[in-house]
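Residue numbers (the numbering used here), protein chains in the order written: chain E, -12 to 269; chain G, 1135 to 1391.
Even for Gly, the Cβ is constructed at its ideal location relative to N, Cα and C.
What follows is a single structure, written as structure tokens, with notes after it.
Here's what the structure looks like:
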């Protein structure tokens, strides 16, 4: 039998009391990438195996949601959307917001929802929110495909603006997981904050120009909307998809990226301290 | 002399008891109310009170040793095993693992009943720290040992509880750790499967793995362990050859009755 310690480069594992401010060990997460892959597969599989129409569901979800808002706001209320057909307008925003909510919710519940494995086995806990984020991105890709169909059907060309998408996506993911991890940590300590999260997400949706454009928001309320980082993000995505509006300057992007990165960093620290704590409070 | 596999130095684990409930969580309301209660001179019945599940525990386990942990309920056996398994961190002290340690505190960790037996083997194996290629290499052996047969492609929710246990146990014993930490799982399945699993355990021992076992069953401890560490109220009460420690422990238990 080969003995690990005889191998070059082996360092013993030292277990000491938890520090106050630790960051997760990313190298170890990499060692557990197989588990990460299985968690993603499990997520997707379990979600789609139970439903009759299975995989189709993921395509239908954004379309059905869009149809509902199209009926109410597009057909009945006839909300002005800057000459953009309502379905395209809605999908290009809801795509972003959907990704945001999904990452926030799944990251927030990644510790509490997996207590049974956390108290019984060791693995780098970060694979839990990470796998949740990856499955959210899979959903995003599918919604993106749906949006592309609608864009092409409405004669919106795919332009070089699409090169900006990776950067926008990076900001969105960092920002969303930061919020999710911070909220998840809060939920471990204060169990009653769980109920708060769903209400916050609903309010957040109305404070983001997803179903209506910023142009119908009264000028004096703009400050509240732009205080919400998702507003600028949604606008930037629409700049890419719909060829409308103005793109914020590089300085603004740098600020958004830094804010998102700092949030994510704080989320990781909070997560690390909660992963140590959750075993003891369960 | 065999090299050291696991070294435990002055390990303590402190829990804060609140209102008699171990580590219960607080609500936001309590926190917001706390300053007012203080102002009004109401002393919350939630005052934190430390409790030591482990107190200054030290020992060394050599490579290839099989060690049993015994003690009454609340002696700190499970807490110690959780610290060695890296599930929870000590409040003080230090543990050094010189080997690749796998722990098995429960069979079927991470099993998802919507997935098939095959998928669960991979999922459970990865939760236990195995690599995909390791699982793939042992896959046939795992399935054969579990006696599941053709049901391996059926979702686990349609399994009988016996089948579930056999499959879960089968994944567990096919781990290839240098050191294995176990928590009372020797007795699973029907008599036939139990015999098979005990034999598998001994085979693991024969392969030279280091084993730490927590159990209430004298028989399984005697069968598997050469050395016993007896914990009492979070401290090491006795540490030595299995027969000697077990004898004193039984005397102690009987005199306490």
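Using a C-beta to C-beta distance shorter than 7 angstroms, which residues of chain E count as neighbours of residue i?
i	result
residue 1226 of chain G	4
residue 1120 of chain G	Outside the shown range of chain G, which is 1135 to 1391, sits residue 1120 of chain G, and nothing can be said about it.
residue 1206 of chain G	Ordered by position in chain E, no residue passes the 7 angstroms Cβ test against residue 1206 of chain G, which lies about 22 angstroms from the chain.
residue 1217 of chain G	2
residue 1220 of chain G	2, 109
In chain G, which residues lie less than 7 angstroms from residue i when you measure between Cβ atoms?
i	result
residue 32 of chain E	1249
residue 1 of chain E	1228, 1230
residue 110 of chain E	1261, 1263
residue 22 of chain E	1260, 1261
residue 25 of chain E	1256, 1257, 1260
Where does the unbroken alpha helix (DSSP H) through residue i begin, and where does it stop?
i	result
residue 1356 of chain G	1352 to 1358
residue 166 of chain E	152 to 176
residue 1259 of chain G	1251 to 1261
residue 1345 of chain G	Taken as a continuous stretch (DSSP letters only), residue 1345 of chain G belongs to no alpha helix (DSSP H), being part of the beta strand (DSSP E) at 1344 to 1348.
residue 51 of chain E	43 to 56
residue 198 of chain E	Run containing residue 198 of chain E: none; DSSP gives neither H nor E here.
residue 1225 of chain G	First-last for residue 1225 of chain G: undefined, no H or E at that position.
residue 1341 of chain G	Neither: residue 1341 of chain G is in no alpha helix (DSSP H) and is coded neither H nor E.
residue 291 of chain E	Here chain E comprises residues numbered -12 to 269, so residue 291 of chain E is not present and cannot be evaluated.
residue 21 of chain E	20 to 36
residue 1291 of chain G	First-last for residue 1291 of chain G: undefined, no H or E at that position.
residue 1203 of chain G	It is not in any alpha helix (DSSP H) - residue 1203 of chain G instead sits in the beta strand (DSSP E) that spans 1200 to 1204.
residue 1371 of chain G	Premise fails: residue 1371 of chain G lies in the beta strand (DSSP E), 1369 to 1375, not in any alpha helix (DSSP H).
residue 1269 of chain G	1266 to 1280
Residue range of the beta strand (DSSP E) that residue i falls in?
i	result
residue 132 of chain E	It is not in any beta strand (DSSP E) - residue 132 of chain E instead sits in the alpha helix (DSSP H) that spans 114 to 140.
residue 216 of chain E	Looking at the DSSP string, residue 216 of chain E is not in any beta strand (DSSP E); the run it does join, the alpha helix (DSSP H), is 216 to 229.
residue 105 of chain E	Where residue 105 of chain E is concerned, there is no enclosing beta strand (DSSP E), although the alpha helix (DSSP H) it sits in stretches over 102 to 105.
residue 179 of chain E	Per DSSP, residue 179 of chain E belongs to no beta strand (DSSP E) and is neither H nor E.
residue 1236 of chain G	1235 to 1238
residue 1313 of chain G	1313 to 1317
residue 249 of chain E	No beta strand (DSSP E) contains residue 249 of chain E, which is instead part of the alpha helix (DSSP H) from 237 to 268.
residue 1363 of chain G	1361 to 1366
residue 2 of chain E	0 to 2
How close, in whole Å, do the beta carbons of residue i and residue j come, if the pair is a contact with beta carbons under 8 angstroms?
i	j	result
residue 172 of chain E	residue 261 of chain E	4 angstroms
residue 1286 of chain G	residue 1300 of chain G	About 11 angstroms separates the two Cβ atoms, so there is no contact after all.
residue 29 of chain E	residue 1188 of chain G	So it is not a contact: roughly 35 angstroms between Cβ atoms.
residue 21 of chain E	residue 1266 of chain G	5 angstroms
residue 1365 of chain G	residue 1209 of chain G	4 angstroms
residue 195 of chain E	residue 56 of chain E	Not quite, the Cβ-Cβ distance comes to about 13 angstroms (not below 8 angstroms), so this is no contact.
residue 1203 of chain G	residue 1346 of chain G	7 angstroms
residue 1304 of chain G	residue 1280 of chain G	4 angstroms
residue 130 of chain E	residue 216 of chain E	Contact doesn't hold; Cβ gap of about 20 angstroms is too wide.
residue 235 of chain E	residue 245 of chain E	Not quite, the Cβ-Cβ distance comes to about 14 angstroms (not below 8 angstroms), so this is no contact.
residue 158 of chain E	residue 247 of chain E	5 angstroms
residue 104 of chain E	residue 1244 of chain G	5 angstroms
residue 113 of chain E	residue 16 of chain E	5 angstroms
residue 270 of chain E	residue 170 of chain E	Because residue 270 of chain E is not part of the residues shown, which for chain E are -12 to 269, the question remains open.
For a contact defined as C-beta to C-beta under 8 angstroms, what are the partners of residue i on chain G?
i	result
residue 29 of chain E	1246, 1249, 1253, 1257
residue 104 of chain E	1243, 1244, 1261
Given that residue i touches chain G, what residues does it touch there, using C-beta distances under 9 angstroms?
i	result
residue 36 of chain E	1248, 1249, 1289
Kindly list, in the order they appear in chain E, the residues whose Cβ is closer than 9 angstroms to that of residue i.
i	result
residue 1369 of chain G	Correct list: empty, because the minimum Cβ distance to chain E is about 19 angstroms.
residue 1276 of chain G	Result: empty, since nearest Cβ-Cβ is about 16 angstroms, beyond 9 angstroms.
residue 1237 of chain G	107, 108, 109
Could you work out which residues of chain E lie near residue i, taking near to mean beta carbons separated by less than 8 angstroms?
i	result
residue 1223 of chain G	2, 3, 4, 5, 263
Worksheet item: Going along the stretch 1248 to 1274 of chain G in order, which residues come within less than 7 angstroms of chain E, judged by CB to CB distance?
Response: 1248, 1249, 1256, 1257, 1260, 1261, 1262, 1263, 1265, 1266
Worksheet item: Is it true that the stretch 128 to 142 of chain E meets the stretch 69 to 85 of chain E, where meeting means three or more beta-carbon pairs spaced less than 8 angstroms apart?
Response: yes
Worksheet item: When the Cβ atoms of the stretch 88 to 96 of chain E are set against those of the stretch 108 to 128 of chain E, are three or more pairs found closer than 8 angstroms?
Response: yes
Worksheet entry | Stretch pair the stretch 251 to 266 of chain E + the stretch 6 to 13 of chain E: three plus CB contacts closer than 8 angstroms | yes
Worksheet item: Listed in chain order, which residues of the stretch 1326 to 1346 of chain G have Cβ atoms closer than 7 angstroms to some Cβ of chain E?
Response: 1341, 1342
Worksheet item: Along the stretch 132 to 151 of chain E, what residues have a CB closer than 8 angstroms to any CB found in chain G?
Response: none
Worksheet item: Taking any Cβ of chain G, which residues in the stretch 247 to 269 of chain E have a Cβ under 7 angstroms from it, in chain order?
Response: 263, 266, 267, 268
Item to complete: Decide yes or no for the touch test of the stretch 149 to 161 of chain E against the stretch 224 to 235 of chain E: beta carbon pairs closer than 8 angstroms, at least 3 of them.
Response: yes
Worksheet item: Quick one: any contact between the stretch 1223 to 1231 of chain G and the stretch 1138 to 1148 of chain G, if contact means 3 or more CB pairs under 8 angstroms?
Response: yes
Worksheet item: Counting pairs of Cβ atoms below 8 angstroms between the stretch 1360 to 1376 of chain G and the stretch 1192 to 1200 of chain G, do you hit three or more?
Response: yes
Worksheet item: Looking at C-beta atoms only, is the number of pairs between the stretch 1301 to 1315 of chain G and the stretch 1230 to 1239 of chain G that lie closer than 8 angstroms three or more?
Response: yes
Worksheet item: Looking at chain E, which residues of the stretch 1282 to 1302 of chain G have a Cβ within less than 9 angstroms of any of its Cβ atoms?
Response: 1289
Worksheet entry | Short-range partners of chain E found in the stretch 1136 to 1153 of chain G, where Cβ spacing is below 8 angstroms | 1137, 1149
Worksheet item: Are at least three pairs of beta-carbons, each pair with one atom in the stretch 1261 to 1277 of chain G and one in the stretch 1288 to 1297 of chain G, less than 8 angstroms apart?
Response: no
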